[in-house]
Amino acid sequence: MDARLEAIRDTVLARNPGEVEFHQAVVEVFESLGPVHDRHPEFLEAAILERLCEPERQIIFRVPWTDDSGRVRINRGFRVEFNSALGPYKGGLRFHPSVYLGIVKFLGFEQIFKNALTGMPIGGGKGGADFDPRGRSDAEVMRFCQSFMTELYRHIGEYTDVPAGDIGVGGREIGYLFGQYKRITNRYESGVLTGKGISWGGSLVRPEATGFGTVIFTEQMLRTRGTSFDGQRVVVSGSGNVAINAIAKAQALGATVVACSDSSGYVVDEAGIDVALLREVKEVQRARLKDYAERRGGVAYVDGGSVWDVDASVALPCATQNELDGGAAARLVRGGLVAVGEGANMPCTRDAVSVFQQAGVLFGPGKAANAGGVATSALEMQQNASRDSWTFEHTEARLTDIMVGIHHRCAATAEEYGEPGNYVLGANIGGFVKVADAMLAQGLI
Ligand code: GLU
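Here you go:
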């Protein structure tokens, strides 16, 4: 790493002790930024990096609620409003027991660059709670969401901060959150949240957008090598919203997705995952992948273990951070891997990324490859602002244009900085320069 940036990195790490995921995200970005600072000494003079690593505002709050037996429960809620140089803070809410400040900050930090790469006017933020929705009734989830919003409402707004979903927060949760915001504020402010239901201000394609976008980005990478998804053998991790829609799109483009996973195990379905059945099991019944395997019949369900033991030519990690390590990466490379598109945020460890890069595997980092979700959130905001709703075809065409544009920007930036094909470098520099220019223009903020 560039010596000037090392000193800044050390200060950032020391100021944020114990936040390992945030450290990882910061270090990865800093490793790309040396050459930018050679060209732009003004960024160093204006302490852009020091400012970027310090969130504009961090909110931590108590979320009290009662479970169905009447017992009082307490969770911790977060919203980190990281950077508003390009637009209102934008980013999802994650409800998962692993959530703590370090995870919210890593996600918020990544979101700044991701959102900049989309070309849409959105800043970066992220939030959530250490609440585990699994096994909770609808009524419990509603009471939790209402309590969460009873604090959060004072910090958000269509021109201030626009949350959306992430792990554990889907259409059901956004509905309860929006209802409570509307009730407290007495405002039908559609643009305050994205991922809304289609009959009350949501956008077509938003549910599919992250998974579709990951596949569209990966298809663009494959085309630089004269190939495509057609005929590829694909492994996807996860079986939530991002994974299901990535599977659907990859198969629509002619690939066979032979495996996917959940936190208990994985399924190997050599004929190609049955997407309609997977949607039914996961989205309607909120059941486990084991139930998919039982209902599908004739497929292997592996309890525990790693889905990355299954050979593939394309890997789409769509579960969660640090789910694919250096060992798994080496195994995949030996099995004939040609491309990786990150549907989740930072699913590959830094070791895994270097294994892929050294082996010449096409590697699309999440902040570029999974930007389709937040980009379509920005399209939802556009529709809300103009009180309009677009067709599926029009919205999907916009998403495709945006993903092709992000791929082009990353590829062109990597080339400009002398490392053609390095999408990590292209995404980090491309996102950073846009935000840094805006911060310079806006003075010391
Ligand atoms: N949580 C998604 C992400 O990681 C989407 C955020 C949004 O739509 O605001 O980008």
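The end of the sequence shown is residue 662 by my numbering, with every number in the run present.
Don't be surprised by glycine CBs; every beta carbon is placed ideally from N, CA and C.
If you're wondering where the values come from, they're calculated on a predicted model, not measured in any experiment.
Residue span of the beta strand (DSSP E) that contains residue i, given as start and end
i    : result
Q275 : 274-283
V501 : Taken as a continuous stretch (DSSP letters only), V501 belongs to no beta strand (DSSP E), as it is neither H nor E.
Y473 : In the sequence on display, residue 473 carries Thr and not Tyr. Note, T473: beta strand (DSSP E), 473-478.
S594 : From DSSP, S594 is part of no beta strand (DSSP E) but of the alpha helix (DSSP H) over 589-602.
V484 : 482-485
H648 : Just to set this straight, residue 648 is Gly in the shown sequence, not His. Per DSSP, G648 belongs to no beta strand (DSSP E); it is in the alpha helix (DSSP H), 640-658.
Y370 : From DSSP, Y370 is part of no beta strand (DSSP E); its letter is neither H nor E.
Unbroken alpha helix (DSSP H) run spanning residue i, endpoints
i    : result
L518 : What sits at residue 518 in the sequence shown is Tyr, not Leu. That residue, Y518, is in no alpha helix (DSSP H); its beta strand (DSSP E) goes 517-520.
F434 : 423-440
N300 : Unbroken run through N300 is the beta strand (DSSP E), 289-300; no alpha helix (DSSP H).
R400 : 388-402
P350 : First-last for P350: undefined, no H or E at that position.
V621 : 609-633
K584 : 583-586
P258 : 258-262
F446 : Premise fails: F446 is in no alpha helix (DSSP H) and is neither H nor E.
K413 : Careful: K413 lies outside any alpha helix (DSSP H) and carries neither H nor E.
L269 : 265-269
L324 : 318-335
D542 : Premise fails: D542 is in no alpha helix (DSSP H) and is neither H nor E.
R221 : 220-232
V527 : Where V527 is concerned, there is no enclosing alpha helix (DSSP H), given that its DSSP letter is neither H nor E.
With 16 other Cβ atoms within 10 Å as the buried cut-off, status of residue i
i    : result
R423 : buried
A264 : exposed
I339 : buried
Q502 : exposed
N403 : exposed
E559 : buried
Y398 : buried
W417 : exposed
R450 : buried
G647 : buried
M218 : exposed
A224 : exposed
F609 : exposed
T441 : exposed
G419 : buried
L383 : According to the sequence as given, residue 383 is Asp; it is not Leu. By the 10 Å Cβ count, D383 comes out buried.
P234 : exposed
Y405 : exposed
R371 : exposed
L661 : exposed
R279 : exposed
H254 : buried
R626 : buried
A220 : exposed
S407 : buried
Y210 : This structure gives no information on residue 210, because the portion of the chain shown stretches from 218 to 662.
E262 : exposed
Top-ranked residue by Cα proximity to residue i, from the options
i    : options                : result
E487 : A463, A561, V516, G428 : V516
V409 : I373, F278, Q449, Y393 : I373
H313 : S571, C565, R293, R274 : R293
V289 : Q502, T402, R360, R626 : R360
V321 : V244, F239, M366, E267 : F239
F260 : A658, T441, A653, D618 : A653
R274 : V297, L266, H254       : V297
P350 : G387, G414, M218, K331 : G387
D479 : R442, I662, L494, V453 : V453
K343 : W607, K331, M337       : K331
P281 : F348, Q659, K413       : F348
Q241 : R567, A547, R604, G590 : R567
G336 : E636, N458, G622       : G622
A302 : R279, P272, S315       : P272
M203 : F299, V237, L334, E267 : Summary: the structure shown does not reach residue 203, with the chain confined to residues 218 through 662, and so no result is reported for it.
D542 : L554, W525, G553, A556 : W525
I464 : V237, G489, L269       : G489
Y393 : P305, L506, K413       : K413
F295 : V358, E375, S364       : S364
G455 : E597, A561, S530       : A561
L554 : V527, S315, N458, R389 : V527
R548 : R604, S315, V578, V316 : V578
Presumed contact (8 Å Cβ cut-off) between residue i and residue j, rounded CB distance
i    : j    : result
G345 : R311 : 4 Å
Y518 : V484 : 5 Å
A585 : Y640 : 6 Å
A644 : P582 : 5 Å
V432 : A467 : 5 Å
G308 : G287 : The pair is not a contact, with the Cβ atoms about 34 Å apart (cut-off 8 Å).
S571 : A545 : The Cβ separation is near 13 Å, so there is no contact.
E436 : F429 : Actually they do not touch by this definition, with Cβ atoms about 10 Å apart.
L439 : A556 : 6 Å
E267 : G319 : So it is not a contact: roughly 19 Å between Cβ atoms.
A588 : G552 : The Cβ separation is near 28 Å, so there is no contact.
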